[in-house]
Amino acid sequence: MKVVLCWFRRDLRLHDHAALYHALRSGLPVVPVFVFDTHILRDLEDKADRRLQFIHDALIRMQQELQAAGSTLHVFHGTPEEAFQAWVSHYDIAAVYTNHDYEPYARQRDTAVAKQLGEQNIAFHTYKDQVIFDKGEVVKDNGEPYTVFTPYSRKWKSRLDGFQLKSYLVEKYKQHFHRQPPIPIPTLREIGFEPTERNFPPDDPEDALIRHYDQTRDFPAQQGTSRLSVHLRFGTVSIRQLAAKARQLNETFLNELIWREFYQMILWHFPHVVGESFKKEYDRIQWRNHEKEFERWCAGNTGYPIVDAGMRELKATGFMHNRVRMIAASFLTKHLLIDWRWGEAYFAKKLLDYDLASNNGGWQWAAGSGCDAAPYFRVFNPTLQTQRFDKDMAYIRKWVPEVDELTYPAPMVVHEVARKRALEVYGKALKK
Ligand SMILES: Cc1cc2nc3c(=O)[nH]c(=O)nc-3n(C[C@H](O)[C@H](O)[C@H](O)COP(=O)(O)OP(=O)(O)OC[C@H]3O[C@@H](n4cnc5c(N)ncnc54)[C@H](O)[C@@H]3O)c2cc1C
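My numbering applies: residue 3 is where the sequence shown begins, and numbers increase by one.
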């Protein structure tokens with residue numbers, strides 16, 4: 003019997019899903035598939051990686067739903083090339099449906115898979131799913147990509163109509179899943195990883211939180227942000243449903259979703275940002291790159307409590323509040339003059355919500371090297387930031403309980419001295 007495959011990647015849900023919707027409407031039975039891609043897994047140093055636990059949990063939930071529909075998820079551990087080789091010999095495949103994935107590795111992978119399938123006359127259909135607008139959909143009137151957020155967001159909003167926010171009604175077509183007995187999903191241990199704790203944020207924050215988001219979002223001691231980043235990263239929520247809610251409830255929250263798309267758009271049009279400064283002259287900066295200082299920053303022992311709290315929260319939970327990400331990133335690049343790429347790589351290892359585009363965008367913003375970045379001479383003062391955003395030190399005390407003890411280290415650099423040094427070093431590089 004001919005079937006079609008729906009290949010899940012960073013879209014781990016069975017509702018409002020573009021590729022799945024189109025696959026189910028193709029008229030052929032749909033086999034849902036997922037690859038634990040060894041090209042990606044082999045680069046993960048930490049074998050107890052929370053992201054693998056998150057993905058595994060999401061697959062189990064999908065599997066339960068699929069079993070209720072008489073079907074099963076087919077999970078493969080290996081490379082995508084090996085997976086498709088195996089599936090092609092197991093099923094008579096007419097086409098593969100999947101959603102666009104924009105990162106450089108994903109683009110290369112998909113080109114290779116499309117070619118591999120094409121050689122056997124199997125079609126490869128891809129759809130926009132994880133963003134409202136992608137690629138060249140929101141560009142300047144002259145067709146060039148935006149590099150400044152505000153005009154981009156204005157155009158983004160002006161292009162938005164009911165159509166882009168419409169859900170794909172997958173539920174209507176559930177009888178079109180291929181019926182077959184369950185195929186077990188490999189355990190984390192079977193793919194070389196360890197289970198981790200599961201303090202993942204819920205995927206359905208209260209409307210009231212979103213409604214008051216603009217007032218609460220900057221205070222790390224509060225539950226004032228949605229904590230949806232990991233769900234957006236792995237597609238366990240639908241961006242269309244979320245953006246529709248944001249449009250109704252809070253414009254500031256909608257703007258944050260647009261920042262996410264802005265950075266994805268930047269990565270698409272300017273792939274050199276992976277590894278290089280968006281503004282090339284910033285690659286002339288003479289970073290100090292002091293390894294011992296980097297280790298103190300990673301461990302949360304800089305003597306600046308707000309930085310240390312953030313770094314410890316990151317290590318302990320895989321999360322850091324956005325305001326604190328900005329302060330910690332600015333501290334590394336400006337106060338310590340350590341290359342933003344070191345910080346970017348450390349966050350990439352630790353963040354549960356790690357996303358190449360947003361992480362790179364955030365780091366280059368903090369370092370001043372990015373598009374629409376903070377001007378380099380604006381150096382965050384961690385003490386003033388604390389007074390504004392963690393006045394009674396509730397967040398700091400949670401993560402740095404010894405902050406008032408003698409055991410807590412003195413600041414590893416004096417703010418004013420470090421600020422002057424940063425201005426000199428940046429100034430020298432950018433003057434040339
Ligand atoms: C140095 C640095 C690194 C970052 N790395 C990442 C990363 O790897 N992955 C990631 O998802 N976000 C990253 N961000 C952006 C932001 O910090 C997180 O998205 C946010 O803290 C996640 O918490 P939340 O879901 O409660 O966000 P909320 O404040 O509730 O925002 C809702 C959603 O909007 C998006 N969003 C919010 N702020 C930003 C932003 N500045 N840039 C892009 N998208 C945004 C996220 O998808 C987020 O889930 C980084 C920011 C900085 C300064």
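Just so you know, even glycine gets a beta-carbon here, dropped at the ideal spot from N, CA and C.
According to the DSSP assignment, L43 belongs to no beta strand (DSSP E) but to the alpha helix (DSSP H) extending over T40 to L43.
Residue pairing by DSSP places F10 opposite F36 in a beta bridge. The stretch 53-70 makes contact with the stretch 173-188: 3 or more CB pairs, one atom from each, lie closer than 8 Å. Rounded to the nearest whole angstrom, the C-alpha separation of Y348 and K317 is 10 Å. Of the heavy atoms belonging to ligand 1, none sits nearer than 7 Å to the Cβ of F56.
Annotated three-state conformation of N291 is coil, per DSSP. Secondary structure at H417: helix, using DSSP grouped into helix, strand and coil. A residue is called buried when at least 16 other Cβ atoms come within 10 angstroms of its Cβ; H337 meets this threshold and is buried. Contact between the stretch 381-390 and the stretch 253-265 is absent: fewer than three C-beta pairs spanning the two stretches fall below 8 Å. Around the C-beta of H233, 16 or more other C-beta atoms lie within 10 Å, and the residue is accordingly described as buried. Shortest Cα-Cα distance from E83 to any of F38, K174 and P411 involves F38. Taking A359 as reference, the option from A369, R325 and E346 with the minimal CA-CA separation is E346.
The DSSP assignment places 76-80 and 94-101 as complete runs of the beta strand (DSSP E) inside the stretch 50-118, in order along the chain (cut-off: 3 residues).
Here the alpha carbon of L190 sits roughly 35 Å from the alpha carbon of R219.
In terms of CA proximity to E208, L230 leads the group L230, P197, D112 and V416. The distance from the Cβ of V276 to that of N361 is about 11 Å, inconsistent with a contact at the 8 Å cut-off.
The way I'd put it, the stretch 44-52 doesn't touch the stretch 84-98; fewer than three beta-carbon pairs between them come closer than 8 Å. Nearest to K174 by C-alpha distance, out of F272, Q387, A21 and R27, is R27.
Counting along the chain, the unbroken beta strand (DSSP E) around T128 starts and ends at A125 to Y129.
If you check the CB distance, V141 and L22 do not come in under 8 Å. For the options C300, N123 and R111, the alpha carbon positioned closest to that of V6 is the one of N123. In the structure shown, F195 adopts coil according to DSSP, grouped into three states. Between the beta-carbon of F36 and that of L75 there is about 6 Å, and that keeps the pair under the 8 Å contact cut. When secondary structure is reduced to three states using DSSP, V276 falls in the coil class, being assigned neither helix nor strand. Here F165 is exposed. Its C-beta has fewer than 16 other C-beta atoms within 10 Å. Beta-bridge partners of V5 (DSSP): I95. Residue state for F179 is assigned as strand, using DSSP reduced to three classes. Ranked by how close their Cα comes to the Cα of W270, the residues R63, F135 and P204 have F135 in first place. Taking the CA atoms as reference points, T100 sits about 25 Å from D206.
Cβ contact annotation for S332 (same chain, cutoff 6 Å, sequence separation greater than five): A368 and F382, in chain order. In the three-state reduction of the DSSP assignment, R200 falls in the coil class, being assigned neither a helical nor a strand state.
Rounded to whole angstroms, the separation of the alpha carbons of P222 and H323 is 6 Å. A residue is called buried when at least 16 other Cβ atoms come within 10 angstroms of its Cβ; H274 does not meet this threshold and is exposed.
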